[in-house]
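Asker: Pasting a structure here, questions to come.
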Amino acid sequence: MSELTEGALAPDFELAGADGPVTLASFKGKPLVVYFYPKDDTPGCTKESQQFSALAGEFAKAGASVLGVSKDSLARHAKFTAKYDLAVPLGSDPEGTMIEAYGSWIEKSLYGRQYMGIDRSTFLIGADGKLVRIWRKVRVDGHAESVLEAVKSLKA
14 MSELTEGALA PDFELAGADG PVTLASFKGK PLVVYFYPKD DTPGCTKESQ QFSALAGEFA
74 KAGASVLGVS KDSLARHAKF TAKYDLAVPL GSDPEGTMIE AYGSWIEKSL YGRQYMGIDR
134 STFLIGADGK LVRIWRKVRV DGHAESVLEA VKSLKA
């Protein structure tokens with residue numbers, strides 16, 4: 014699989030969501046922020062989802078949608094959303110098809126052990142379906158704010 018680059022068309026996707034299927038086409042005509050995260054209800058992933066949720070109104074004001082994606086089931090997403098009162102929708106990609114298409118399924122290392130896992134990464138997709146910005150190996154603190162600034166700069 015080739016590496017995604019800014020300016021390229023975003024890979025199409027169809028995921029299970031709380032309110033039915035979620036597709037790239039369902040966001041056509043407005044910017045979309047997709048953030049991939051490893052697992053519901055873990056410290057970093059919780060903090061990241063809370064930060065995007067805290068800014069959900071600002072993203073909406075800027076005309077953008079936000080979608081969090083992991084391999085967790087819809088039932089697990091529902092518990093996670095309720096527990097932390099999350100304001101962003103979460104898509105379930107149990108097979109990892111979308112995660113792989115976006116190059117976010119990578120080899121990781123923990124305590125010297127190699128394994129495959131989700132790279133905490135974020136993609137800003139423009140209203141035209143093209144990748145505007147790509148963030149890889151995201152550090153959670155301040156990330157949602159940086160993404161919001163990038164969304165706001167689309168109108169500038």
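Residue numbers (the numbering used here): 14 to 169. Note that CB positions come from ideal geometry on N, CA and C, so glycine has one too. Small disclaimer: the values here were computed from a predicted structure and weren't measured.
Report back the beta-carbon spacing between I147 and G130 to the nearest angstrom; my notes put them in contact at under 8 Å.
Answerer: Going by Cβ atoms, the distance from I147 to G130 rounds to 18 Å, so no, they are not a contact pair.
Asker: Could you check which residue in H156, S105 and A100 has the C-alpha nearest to that of R89?
Answerer: Answer by Cα proximity: S105.
Asker: Quick one: what does DSSP say A21 is sitting in, helix, strand or coil?
Answerer: coil
Asker: Which residue wins for smallest C-alpha separation from L87, given the options A67, T55 and P34?
Answerer: P34
Asker: Have a look at the DSSP bridge pairing and note the partners of S134.
Answerer: F49
Asker: What are the start and end residues of each continuous beta strand (DSSP E) run of 3 or more residues lying completely inside the segment 38-106, in chain order?
Answerer: 45-49, 78-83 and 103-105
Asker: Please say whether S78 and K43 have beta carbons closer to each other than 8 Å?
Answerer: yes
Asker: Rounding to the nearest angstrom, what Cα-Cα distance links Y50 and A21 in this structure?
Answerer: 22 Å
Asker: Between the Cα of E71 and those of L99, L161, K168 and S166, spot the shortest distance and give me the residue it belongs to.
Answerer: L161
Asker: Which of the three DSSP states, helix, strand or coil, is assigned to S122?
Answerer: strand
Asker: Just verifying my parser: in three-state terms, what is the DSSP assignment at L113?
Answerer: The question names Leu, but residue 113 in the sequence shown is Glu. In this structure, E113 counts as helix in the three-state DSSP scheme.
Asker: In the DSSP output, what is R146 paired with across the bridge?
Answerer: For R146, DSSP records a beta bridge to L137.
Asker: My output table needs one value for E158: the three-state DSSP class, helix, strand or coil.
Answerer: Residue state, collapsed to three classes: helix.
Asker: Label D32 either buried or exposed according to how many other C-beta atoms from any shown protein chain fall within 10 Å of its C-beta, with 16 as the threshold for buried.
Answerer: exposed
Asker: If you follow the beta strand (DSSP E) that L28 is part of, which residue opens it and which one closes it?
Answerer: E27 to G30
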